[in-house]
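Protein chains in written order, with my numbering: chain A, 825 to 937; chain B, 3 to 116.
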Amino acid sequence: DAGITQSPRHKVTETGTPVTLRCHQTENHRYMYWYRQDPGHGLRLIHYSYGVKDTDKGEVSDGYSVSRSKTEDFLLTLESATSSQTSVYFCAISRTSGLHEQYFGPGTRLTVT
Amino acid sequence: DQQVKQNSPSLSVQEGRISILNCDYTNSMFDYFLWYKKYPAEGPTFLISISSIKDKNEDGRFTVFLNKSAKHLSLHIVPSQPGDSAVYFCAAPGGFGNTGKLIFGQGTTLQVKP
Numbered sequence: 825d826a827g828i829t830q831s832p833r834h835k836v837t838e839t840g841t842p843v844t845l846r847c848h849q850t851e852n853h854r855y856m857y858w859y860r861q862d863p864g865h866g867l868r869l870i871h872y873s874y875g876v877k878d879t880d881k882g883e884v885s886d887g888y889s890v891s892r893s894k895t896e897d898f899l900l901t902l903e904s905a906t907s908s909q910t911s912v913y914f915c916a917i918s919r920t921s922g923l924h925e926q927y928f929g930p931g932t933r934l935t936v937t
Numbered sequence: 003d004q005q006v007k008q009n010s011p012s013l014s015v016q017e018g019r020i021s022i023l024n025c026d027y028t029n030s031m032f033d034y035f036l037w038y039k040k041y042p043a044e045g046p047t048f049l050i051s052i053s054s055i056k057d058k059n060e061d062g063r064f065t066v067f068l069n070k071s072a073k074h075l076s077l078h079i080v081p082s083q084p085g086d087s088a089v090y091f092c093a094a095p096g097g098f099g100n101t102g103k104l105i106f107g108q109g110t111t112l113q114v115k116p
C-alpha cells in the first residue's frame, strides 16, 4: 500500500462545468503523475510533478491543468469538461527519484454528460 | 505513434497451463521495461520488471523475457491461476531526463478458466 488516495472515486458532471480531482499521498514522495485509462489506449500520461510547484505536461495534456502546492497533494483540473474526458483517472507516485516503478491510487471514474 | 504495443486485446487459458502475454516496442533507446496487473475497479499494481542488460527476469510464477533484436518482450505465468485473471500492461520509461514517466501498452485481458 503506497498510501495514495483519490477523491472523489466517482463523479458525474455536465459538459462545460469545471471539475477538480484530488490525489493525496502520505509518504512524502517527490514525483506524482496523473494518467487516464481508456479502452484501446492503455494508460496515458496527462501531467506530472517533480516537486512542489514543479509540473510538466504529459502525452494528453490538452484541456487539463494541475497544481501542487503541497508535497502530499496533486490536483487535476478540467477547466471545462467535455464528453471526450469521460474516463478513469489514476494518480501515481514514484517512490525514489529516477526509478520507474510507479504505484497507483484506486482511480476516479469520471463521466461527462 | 504507439511506442509500446500489445497487439492481443485478450487471452484465455486453462488453470494450470502457461499464459504468455506479448509486448512490442519501437524505440530502441528503451532500457527498462515493466509489467503491471490491474483488477477491475482498482489501480494498476507493479508486477515485474527487466533491464535491457538482461534477457530474462524471474519472480515466482512470473518470468519476463526480453528480445532486444526483435524489440519484443513477453510475460510468462506458470502455472496460471484463476486469480491471475486481470488486465496486464507492459510499460517503458519515456521522455528525456529522470522524470519517471512511463509509456504504457494498450493492455491484454487475461482470463484463466478453472
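Glycine is no exception: its CB is placed at the ideal position from the N, C-alpha and C atoms.
Small disclaimer: the values here were computed from a predicted structure and weren't measured.
Within 10 angstroms of its Cβ, does residue i collect 16 or more other Cβ (buried), or is it exposed?
i	result
HIS834(A)	exposed
GLN926(A)	buried
ILE55(B)	exposed
ILE870(A)	buried
ILE20(B)	exposed
PRO842(A)	exposed
VAL89(B)	buried
VAL80(B)	exposed
PRO46(B)	buried
Of the residues the options, which one's Cα is nearest the Cα of residue i?
i	options	result
GLN909(A)	THR844(A), TYR855(A), ILE917(A) and ASN852(A)	THR844(A)
SER51(B)	GLY45(B), ALA88(B), LYS39(B) and ASN29(B)	LYS39(B)
THR829(A)	TYR913(A), THR937(A), ALA905(A) and THR935(A)	TYR913(A)
THR111(B)	SER12(B), PHE32(B) and GLN5(B)	SER12(B)
VAL884(A)	SER831(A), ARG919(A), LEU900(A) and PRO842(A)	LEU900(A)
GLN5(B)	THR47(B), GLN16(B), ASP26(B) and ILE22(B)	ASP26(B)
GLU903(A)	SER911(A), GLY887(A), THR935(A) and ILE917(A)	GLY887(A)
SER87(B)	PHE32(B), ASP33(B) and GLY109(B)	GLY109(B)
By the three-class DSSP mapping on this structure, what secondary structure does residue i have?
i	result
GLY827(A)	coil
PRO842(A)	coil
GLY85(B)	helix
GLN113(B)	strand
GLN4(B)	coil
GLN926(A)	strand
GLN909(A)	helix
TYR932(A)	Contrary to the premise, residue 932(A) reads as Thr rather than Tyr in this sequence. If DSSP states are grouped into helix, strand and coil, THR932(A) belongs with the strands.
SER14(B)	strand
GLY102(B)	coil
PRO95(B)	strand
SER71(B)	coil
TYR888(A)	strand
If we call anything under 9 Å between Cβ atoms a contact, is residue i one with residue j?
i	j	result
ASN24(B)	SER10(B)	yes
HIS74(B)	PHE64(B)	no
LEU104(B)	HIS924(A)	yes
GLY96(B)	TYR872(A)	no
PHE928(A)	GLN849(A)	no
LEU36(B)	ALA93(B)	yes
Could you compute how far the alpha carbon of residue i sits from the alpha carbon of residue j?
i	j	result
SER893(A)	VAL876(A)	6 Å
ARG919(A)	GLN861(A)	22 Å
SER891(A)	THR879(A)	7 Å
ASN59(B)	ILE22(B)	14 Å
GLU896(A)	LEU68(B)	36 Å
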